[in-house]
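Novice: Residue numbers (the working numbering): 250 to 712.
Virtual Cβ for every residue (Gly too), placed ideally from N, Cα, C.
First the structure, then my questions, so here it is.
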């Protein structure tokens with residue numbers, strides 16, 4: 250492994266050192282991308298649920314419009330109100346695209362549409378009954394006044410004929426009839442069933458009084474008028490009874506169908522809205538958990554990246570600095586003249602190999618320089634040694650000369666003091682001839698002086 254590592258250049262080593270970090274960063278990026286994609290899908294689902302909620306609110310508004318139209322039709326049964334209700338009902342026949350992705354909501358809307366269709370059918374029955382009521386109302390408002398008109402004719406005829414009893418009985422019938430008309434108006438306009446009972450009771454009383462009146466009249470024309478009034482009363486009571494049946498049928502439809510279906514549909518909308526809200530709550534919790542898990546993973550991977558970066562930086566730096574340090578130590582040893590140091594990595598092709606080869610050149614150059622310096626030093630030392638030898642020889646020569654001159658000087662001093670026995674000792678061979686001449690001369694002088702002394706002695710002894 251280290252052999253392979255040593256073959257890499259500094260840039261390659263740095264790049265190789267960063268590869269684990271790049272891998273970890275790639276993993277972090279992919280994980281973050283996957284998490285963001287998942288969160289994006291969740292937000293898309295959340296957006297879909299928001300659209301579904303708005304769609305349900307829209308349908309709920311249409312349901313309220315239907316209910317309001319139904320209530321308005323109670324007090325204002327006009328075609329405009331019917332058209333408003335049909336428009337609101339028509340909105341339920343159109344599928345909202347925002348609900349298309351949720352089968353459960355579509356199924357719920359399908360069930361609601363069935364109830365809406367039932368509601369529409371019930372309302373159409375009310376419209377039909379309202380039409381029938383309008384026709385009956387026309388007859389009721391027709392037969393009642395016509396009955397009073399017929400009774401007024403009878404009363405006028407009795408008044409002209411001065412038939413006091415007939416006039417009195419006719420007045421009683423008209424009074425009962427007027428009470429019936431009064432209560433019938435209350436019944437028709439307010440739907441008051443008690444007023445209906447009162448109207449029918451008054452009408453029954455009017456019929457009974459009309460029977461008494463019929464027994465009191467004697468003329469054929471008067472009898473026909475009384476019978477005509479009775480027929481009108483019977484028609485009036487029949488139509489009034491039909492009005493009651495229509496009102497009861499309409500109220501029955503409202504109470505048993507419309508008033509039941511509307512809350513039922515509203516509760517189904519609430520259930521659908523609850524499903525959407527539950528989905529949103531679940532998505533919200535999922536988003537929170539996903540975001541938390543993503544943050545935890547990213548922090549963990551980031552911490553791992555930092556730790557791995559520090560460890561890799563330390564070891565890669567140590568490996569690189571180790572190679573550079575070894576190169577620096579080699580250069581330092583070369584700088585200190587150690588040309589025997591082993592230079593490593595000269596076979597490598599990277600920067601350190603180039604530096605090693607350069608150091609090898611420096612080493613060879615240094616060796617050549619050292620060899621030249623050694624040769625020059627040897628030459629200088631030889632010359633110095635020769636000079637020292639010459640100086641030593643000169644010193645020895647001077648010493649020998651000084652010794653020779655000293656001996657000669659001693660001999661001359663002794664000779665000048667009359668010592669003819671003095672002799673110069675050993676001197677340098679170069680001064681031996683001078684010594685020998687001196688010693689020979691002194692010896693000859695000593696011999697001559699001896700002869701003179703002998704002669705003088707002889708002379709003195711001869712005297």
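Going by other Cβ atoms of all chains shown within 10 Å of its Cβ, with 16 needed for buried, is residue 706 buried or exposed?
Specialist: Counted from its first residue, the chain shown places residue 706 at position 457. With fewer than 16 other Cβ atoms within 10 Å, it is exposed.
Novice: Can you give me the start and stop residues for the alpha helix (DSSP H) that residue 474 sits inside?
Specialist: In the chain shown, residue 474 corresponds to position 225, counting from 1. It spans 469 to 502 - the alpha helix (DSSP H) in which residue 474 sits, taken as one unbroken run.
Novice: Which residues in the same chain have their Cβ closer than 6 Å to the Cβ of residue 486, if we skip the five residues on either side of it in sequence?
Specialist: Numbered from 1 along the chain shown, position 237 holds the residue referred to as residue 486. Hits under 6 Å: 452.
Novice: Would you kindly work out how many angstroms separate the C-alpha atoms of residue 542 and residue 536, rounded to a whole number?
Specialist: Here residue 542 refers to the residue found at position 293 when the chain shown is read from its first residue. Here residue 536 refers to the residue found at position 287 when the chain shown is read from its first residue. One C-alpha to the other measures close to 10 Å.
Novice: When you compare the CB positions of residue 425 and residue 458, do they come within less than 7 Å of one another, or not?
Specialist: By one-based count along the chain shown, residue 425 stands at place 176. By one-based count along the chain shown, residue 458 stands at place 209. Yes, they are a contact pair.
Novice: Since residue 273 and residue 557 should fall inside the 8 Å C-beta cutoff, what is the C-beta to C-beta distance between them, to a whole number of angstroms?
Specialist: The residue you call residue 273 lines up with position 24 of the chain shown. The residue you call residue 557 lines up with position 308 of the chain shown. Contact holds; Cβ gap of about 6 Å.
Novice: Would you kindly report the start and end of the unbroken alpha helix (DSSP H) that includes residue 412?
Specialist: Sequence index remark: in the chain shown, residue 412 carries index 163 (1-based). Premise fails: residue 412 is in no alpha helix (DSSP H) and is neither H nor E.
Novice: Taking 7 Å as the limit between beta carbons, can you name the residues of its chain near residue 376, skipping five residues before and five after?
Specialist: Indexing the chain shown from 1 puts residue 376 at position 127. Excluding sequence neighbours, residue 376 sits near 331.
Novice: Tell me which same chain residues have a C-beta within less than 7 Å of the C-beta of residue 694, skipping the five on either side of it?
Specialist: Along the chain shown, read from residue 1 onward, the residue named residue 694 stands at position 445. Cβ within range, chain order: 669.
Novice: Taking the straight line between their C-alpha atoms, what separation do you get for residue 660 and residue 626?
Specialist: Position 411 of the chain shown, counting from 1, holds the residue named residue 660. Position 377 of the chain shown, counting from 1, holds the residue named residue 626. Cα to Cα, residue 660 sits roughly 49 Å from residue 626.
Novice: Have a look at residue 575 and residue 562 and give me their C-alpha separation to the nearest angstrom.
Specialist: Along the chain shown, one-based indexing puts residue 575 at 326. Along the chain shown, one-based indexing puts residue 562 at 313. When rounded, the distance between both Cα atoms is 19 Å.
Novice: Would you please state the rounded distance, in angstroms, between the beta carbons of residue 280 and residue 546? I believe it to be under 8 Å.
Specialist: Here residue 280 is taken as the residue at index 31 of the chain shown, counted from 1. Here residue 546 is taken as the residue at index 297 of the chain shown, counted from 1. With 8 Å as the limit, residue 280 and residue 546 qualify as a contact, their Cβ atoms being about 6 Å apart.
Novice: Smallest Cα separation from residue 488: which of 384, 620, 427?
Specialist: By 1-based counting over the chain shown, the position of residue 488 is 239. Ranking 384, 620, 427 by Cα distance to residue 488 puts 384 first.
Novice: Check residue 440 in the structure and name its three-state DSSP category.
Specialist: Here residue 440 refers to the residue found at position 191 of the chain shown. Three-state result, residue 440: coil.
Novice: If residue 320 and residue 341 are in contact, beta carbons under 8 Å, what's the gap, nearest whole angstrom?
Specialist: By 1-based counting over the chain shown, the position of residue 320 is 71. By 1-based counting over the chain shown, the position of residue 341 is 92. Residue 320 to residue 341, Cβ: 19 Å. No contact.
Novice: Restricting to Cα atoms, I'd like to know which of 418, 702, 492 is closest to residue 454.
Specialist: Residue mapping note: residue 454 aligns to position 205 of the chain shown, counting from 1. Residue 454 has its Cα closest to that of 418, out of 418, 702, 492.
Novice: Is the CB-CB distance between residue 448 and residue 429 below 7 Å?
Specialist: Position 199 of the chain shown holds residue 448. Position 180 of the chain shown holds residue 429. Yes, they are a contact pair.
Novice: Suppose you measure from the CA of residue 446 to the CA of residue 356; what does that come to, to the nearest Å?
Specialist: To locate residue 446, count along the chain shown from 1; it is residue 197. To locate residue 356, count along the chain shown from 1; it is residue 107. Roughly 48 Å separates the two Cα atoms.
Novice: Taking only the alpha-carbon atoms, compute the straight-line gap between residue 470 and residue 325 and give it to the nearest angstrom.
Specialist: Against the chain shown, residue 470 aligns to sequence position 221. Against the chain shown, residue 325 aligns to sequence position 76. So the two alpha carbons sit approximately 45 Å from each other.
Novice: Please classify residue 359: does DSSP put it in a helix, a strand, or coil?
Specialist: Against the chain shown, residue 359 aligns to sequence position 110. The answer is helix: DSSP assigns residue 359 an H, G or I state.
Novice: From what residue to what residue does the alpha helix (DSSP H) around residue 336 run?
Specialist: Along the chain shown, one-based indexing puts residue 336 at 87. Where residue 336 is concerned, the enclosing alpha helix (DSSP H) stretches over 328 to 339.
Novice: Quick one: residues in its chain with C-beta nearer than 8 Å to the C-beta of residue 308, no 5 flanking neighbours on either side, listed in chain order?
Specialist: Residue mapping note: residue 308 aligns to position 59 of the chain shown, counting from 1. 340, 341, 345, 358, 361, 518, listed in sequence order.
Novice: Less than 7 Å between the beta carbons of residue 656 and residue 674, yes or no?
Specialist: Taking the first residue of the chain shown as position 1, residue 656 is located at position 407. Taking the first residue of the chain shown as position 1, residue 674 is located at position 425. A contact, by the Cβ cut-off of 7 Å.
Novice: Here's the rule I'm using: 16 or more other beta-carbon atoms within 10 Å means buried, otherwise exposed. How should residue 351 be labelled?
Specialist: Translated into the one-based positions of the chain shown, residue 351 becomes position 102. Buried, since its Cβ has 16 or more Cβ neighbours within 10 Å.
Novice: Please work out which residues of its chain come closer than 7 Å, Cβ to Cβ, to residue 633, disregarding the five sequence neighbours upstream and downstream, and give them in chain order.
Specialist: Position 384 of the chain shown, counted from the first residue, corresponds to residue 633. Taken in chain order, the list of residues that qualify is empty.
Novice: Please state whether DSSP places residue 300 in a helix, a strand or coil.
Specialist: As a position in the chain shown, residue 300 is number 51, starting the count at 1. Helix at residue 300.
Novice: Spatial neighbours of residue 687 within its chain, please: C-beta separation below 7 Å, excluding the five flanking residues on both sides.
Specialist: For the purposes of this step, residue 687 is taken as the residue at position 438 of the chain shown. So the list reads 657, 660, 673, once near-sequence residues are dropped.
Novice: In this structure, does DSSP put residue 670 in helix, strand or coil?
Specialist: If you number the chain shown from 1, residue 670 lands on position 421. If DSSP states are grouped into helix, strand and coil, residue 670 belongs with coil.
Novice: Which same chain residues end up closer than 6 Å to residue 495 when comparing Cβ atoms and leaving out the 5 residues on each side of it in sequence?
Specialist: By 1-based counting over the chain shown, the position of residue 495 is 246. Hits under 6 Å: 378, 381, 382.
Novice: With C-beta atoms as the reference, is residue 677 less than 7 Å away from residue 647?
Specialist: As a first step, residue 677 must be located in the chain shown, where it is residue number 428. As a first step, residue 647 must be located in the chain shown, where it is residue number 398. Cβ distance not < 7 Å, so residue 677 and residue 647 don't count as in contact.
Novice: So, under 8 Å CB-CB, residue 276 and residue 525 are touching, yes? Tell me the CB distance rounded to an integer number of Å.
Specialist: For the purposes of this step, residue 276 is identified with residue 27 of the chain shown, where counting begins at 1. For the purposes of this step, residue 525 is identified with residue 276 of the chain shown, where counting begins at 1. Not quite, the Cβ-Cβ distance comes to about 37 Å (not below 8 Å), so this is no contact.
Novice: When the Cα atoms are used, what is the spatial distance from residue 191 to residue 516?
Specialist: Only positions 250 to 712 of the chain appear in the structure, and residue 191 is not among them; the question remains open.
Novice: Quick one: grab the DSSP three-state call for residue 585.
Specialist: What you label residue 585 is simply residue 336 of the chain shown in a count that begins at 1. Residue 585 falls in the coil class under three-state DSSP.
Novice: What's the C-alpha gap between residue 439 and residue 398?
Specialist: Mapped onto the chain shown, residue 439 falls at position 190. Mapped onto the chain shown, residue 398 falls at position 149. Computed Cα separation, rounded: 26 Å.
Novice: Tell me which same chain residues have a C-beta within less than 8 Å of the C-beta of residue 463, skipping the five on either side of it?
Specialist: Sequence index remark: in the chain shown, residue 463 carries index 214 (1-based). Hits under 8 Å: 472, 475, 476, 479.
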